[in-house]
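Respectively, the protein sequence lines represent chains E and F.
First residue of the first sequence? That's 308 in my numbering, and the numbers climb one at a time after it.
First residue of the second sequence? That's 114 in my numbering, and the numbers climb one at a time after it.
Have a look at the structure below, then the notes.
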Amino acid sequence: MKKIGALVIGGSAGSLDVLLKILPEINPNLDFPIIIVVHRKQGTDSLLSDLLSHRTELKVKEADEKEKINKGYVYIAPSDYHLLIEKDYTFSLDYSEKINYSRPSIDVTFQTAADAYGEQLVCLLLSGSNADGVNGLISVKKNGGITLAQDPDSAQVTYMPEQAILRANVTDILKIEQMANYINSLNS
Amino acid sequence: MLQSGVISDEQVEILINDVLEHHGYDFTGYSRASLKRRLSRLYSLDKHVSFAEFRYKTLNDDVYFKHFVEGVTVNVTEMFRDPSFYQLLRQKILPNLNTYPFIRIWLAGCSTGEEAYSVAILLQELNLLHKSLIYATDINPTVLEKASNGMFPLSQMKSYSENYIASGGVKDFSSYYTANYTLAKFDEELKRKMIFSTHNLVSDRSFNEFQLILCRNVLIYFDRPLQFRVLNLFDQSLENLGYLALGTKETIDFSPISSNYKKVGTEKIWRKANT
Numbered sequence: 308m309k310k311i312g313a314l315v316i317g318g319s320a321g322s323l324d325v326l327l328k329i330l331p332e333i334n335p336n337l338d339f340p341i342i343i344v345v346h347r348k349q350g351t352d353s354l355l356s357d358l359l360s361h362r363t364e365l366k367v368k369e370a371d372e373k374e375k376i377n378k379g380y381v382y383i384a385p386s387d388y389h390l391l392i393e394k395d396y397t398f399s400l401d402y403s404e405k406i407n408y409s410r411p412s413i414d415v416t417f418q419t420a421a422d423a424y425g426e427q428l429v430c431l432l433l434s435g436s437n438a439d440g441v442n443g444l445i446s447v448k449k450n451g452g453i454t455l456a457q458d459p460d461s462a463q464v465t466y467m468p469e470q471a472i473l474r475a476n477v478t479d480i481l482k483i484e485q486m487a488n489y490i491n492s493l494n495s
Numbered sequence: 114m115l116q117s118g119v120i121s122d123e124q125v126e127i128l129i130n131d132v133l134e135h136h137g138y139d140f141t142g143y144s145r146a147s148l149k150r151r152l153s154r155l156y157s158l159d160k161h162v163s164f165a166e167f168r169y170k171t172l173n174d175d176v177y178f179k180h181f182v183e184g185v186t187v188n189v190t191e192m193f194r195d196p197s198f199y200q201l202l203r204q205k206i207l208p209n210l211n212t213y214p215f216i217r218i219w220l221a222g223c224s225t226g227e228e229a230y231s232v233a234i235l236l237q238e239l240n241l242l243h244k245s246l247i248y249a250t251d252i253n254p255t256v257l258e259k260a261s262n263g264m265f266p267l268s269q270m271k272s273y274s275e276n277y278i279a280s281g282g283v284k285d286f287s288s289y290y291t292a293n294y295t296l297a298k299f300d301e302e303l304k305r306k307m308i309f310s311t312h313n314l315v316s317d318r319s320f321n322e323f324q325l326i327l328c329r330n331v332l333i334y335f336d337r338p339l340q341f342r343v344l345n346l347f348d349q350s351l352e353n354l355g356y357l358a359l360g361t362k363e364t365i366d367f368s369p370i371s372s373n374y375k376k377v378g379t380e381k382i383w384r385k386a387n388t
């Protein structure tokens, strides 16, 4: 099985509950980093990091610009900036126009991650009410990465994963209770 | 819909080289992921049929090149963005500058001018504007033209007014502008103390000494070596005990100048030591 470089998880409305459910079950010795991009209100950054860090032994932190991306971490995209991934596996931040009415935009992180990690990338799109992330998944797939969508039947808001399944030809569709196992099985 | 990968990594490097050689604009120190997105976006928006055409126009058409620079650089800005930052300016930093007979402020990367007008409003309310000068600079002449007009979309005023109040403003924000169809035209008084000029942080030198330099959300687009160079430029342009203000996610930590600076409060403002 191929070595995984990074897992990027995107979500919007209804995705926080999913993260809170799956994080405790994720292997703390994961040998790749997790990067999370969720739409949310401005100024709630530390709140989200706190919330998630109580659910996992992995280190949870907000992504800093030019920071080296390391395994053992769960990185959170800061609010009101796009989070980009450079070819040297560092983060960049970008305050350009919103994409799909969103900043951070899931598409931006998925697409730049696809460029940087190629086939070693796994991207998972969760519950949400717009289609941000779907174009990103298409890029990830094109570059040979693994694309995943939450099973819409298990999603609080179905539009985002539905669009992913409809348009991005995802590798797998996962129920919430399958996600942690799936992620742990990617560990080499 | 925006597509990534319209422009390849090799094409990004070709354009960077062209632009440096033919126009003297140096983008070699820009973070590549963002630059690639901007170039792909520009390529799609302008509906180029081939990379060759995009390259040719960028090289040979000076009018198009102005548009290129505007498209490649990010010009998204707001008035009173990050209200807590402006609150610190209002309550501590600007009042401290009152001891100077004359206050010089450099707003580097001012884009369309929203921050310059925000700072001018603070200075006016603190009764400091008459003895201040705001040097507002940007790499991009097109945005400076907009900045000097002092007209911003009326549709933004509700959110700017909320920011203004959250930053400690107590006046009626609408008293600073007159509505003109879809635009809000800001009071000419605010503009009288602003000087707009092109300045390229990558290639231009220090041009004055300041007590306060603001450069917010510009360094995030630069790689580390360029960030350090620009911070050195700011250091050379800042008087002892002067202040340097950066964007919420930017820092001088780990840079060569950091040992000579002390952070002020929890915002991204540092004060230069008296050496």
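Glycine residues also receive a C-beta, built at the ideal position from the N, C-alpha and C atoms.
Note that this is a predicted model, so its numbers are computed, not measured.
Query	Result
Taking 8 Å as the cut-off, does the region 334 to 345 of chain E touch the region 379 to 395 of chain E (at least 3 CB pairs, one atom from each stretch)?	yes
Just reading off the alpha helix (DSSP H) that Lys-448/E is part of, what are its end residues?	441 to 449
Looking at chain E, is there any beta carbon in it that lies within less than 8 Å of the beta carbon of Ser-147/F?	yes
From the DSSP output, read off the bridge partner residues of Arg-217/F.	Leu-246/F
What's the C-alpha gap between Glu-426/E and Gly-443/E?	14 Å
DSSP state of Gly-379/E, grouped into three classes?	coil
Is it buried or exposed for Tyr-389/F, if we count other Cβ within 10 angstroms and need 16 for buried?	Look at the range of chain F in this structure, 114 to 388, and you will see that residue 389/F is not part of it.
Which of helix, strand or coil does DSSP assign to Thr-465/E?	coil
Nearest by alpha-carbon distance to Leu-317/E: which of Lys-394/E, Lys-482/E, Ser-434/E is it?	Before going on, a small fix: residue 317/E reads as Gly here, not Leu. With distances taken between Cα atoms, Gly-317/E lies closest to Ser-434/E.
Express the C-alpha separation of Leu-357/F and Leu-236/F in angstroms, rounding to a whole number.	17 Å
Could you tell me if Leu-355/E is buried or exposed, where buried requires 16 or more neighbouring beta carbons within 10 angstroms of its beta carbon?	buried
Using only the alpha-carbon positions, how far apart do Tyr-156/F and Glu-352/F sit?	43 Å
Name the chain B residues that come within less than 8 Å of Asp-357/E, Cβ to Cβ?	In the structure shown, chain B cannot be found, because the protein chains are E and F.
Would you mind reading off the limits of the beta strand (DSSP E) that contains Gln-324/F?	323 to 328
If you reduce the DSSP assignment to three classes, tell me which class Tyr-396/E lands in.	coil
Within 8 Å of any Cβ in chain E, is that where the Cβ of Ser-280/F sits?	no
Skipping 5 residues on each side, what residues in its chain have a beta carbon closer than 6 Å to that of Glu-332/E?	Ala-487
Write down every uninterrupted run of the beta strand (DSSP E) in the region 288 to 354 of chain F whose length is 3 residues or greater and which is fully enclosed by it, in chain order.	290 to 293, 296 to 299, 307 to 311, 323 to 328
Can you find a C-beta in chain E that's less than 8 Å from the C-beta of Ser-117/F?	Here the model assigns Ser-117/F a pLDDT of 49, short of 50, so the residue's position is not dependable and the matter cannot be decided.
Which residues in chain E have a C-beta closer than 7 Å to the C-beta of Ser-144/F? List them in chain order.	Glu-393, Ser-399
Does DSSP put Val-176/F in a helix, a strand or coil?	helix
Which partner residues does Phe-265/F have in the DSSP bridge list?	Ala-297/F
Rounded to the nearest angstrom, what separates Leu-133/F and Val-182/F at their Cα positions?	12 Å
Determine the burial state of Pro-266/F: buried for a count of at least 16 other Cβ atoms within 10 Å of its Cβ, exposed for fewer.	exposed
Spell out the partners DSSP gives Leu-327/E in its beta bridges.	DSSP output for Leu-327/E lists no bridge partner at all.
Take Ser-446/E and list the residues in its own chain whose beta-carbon comes closer than 7 Å to its own, dropping the five residues that flank it on each side.	Phe-417, Gln-418, Ala-421
Distance check for Cys-430/E and Pro-459/E, CA to CA, integer angstroms please.	16 Å
Give the single residue among Ala-249/F, Thr-255/F, Thr-379/F whose Cα lies nearest to the Cα of Tyr-177/F.	Thr-255/F
Looking at the strands, I want to know which residues DSSP matches up with Val-315/E.	Ile-342/E, Cys-430/E
Tell me, please, which residues DSSP counts as bridged to Ile-480/E.	Ala-456/E
Using the beta-carbon of each residue, which ones in chain E are nearer than 9 Å to Val-187/F?	Asp-401, Tyr-402, Ser-403, Glu-404
List the residues of chain E whose Cβ lies closer than 9 Å to the Cβ of Ile-333/F, in chain order.	Glu-372, Lys-373, Tyr-388, Ser-399, Leu-400, Asp-401, Tyr-402
Report the residue from Arg-410/E, Asn-407/E, Asn-377/E, Leu-330/E whose alpha carbon sits nearest the alpha carbon of Phe-398/E.	Asn-377/E
Restricting to Cα atoms, I'd like to know which of Arg-337/F, Arg-329/F, Lys-205/F is closest to Gly-360/F.	Arg-329/F
Buried or exposed: which applies to Gly-312/E, given that a residue is buried once 16 or more other Cβ atoms fall within 10 Å of its Cβ?	buried
Just verifying my parser: in three-state terms, what is the DSSP assignment at Ser-272/F?	helix
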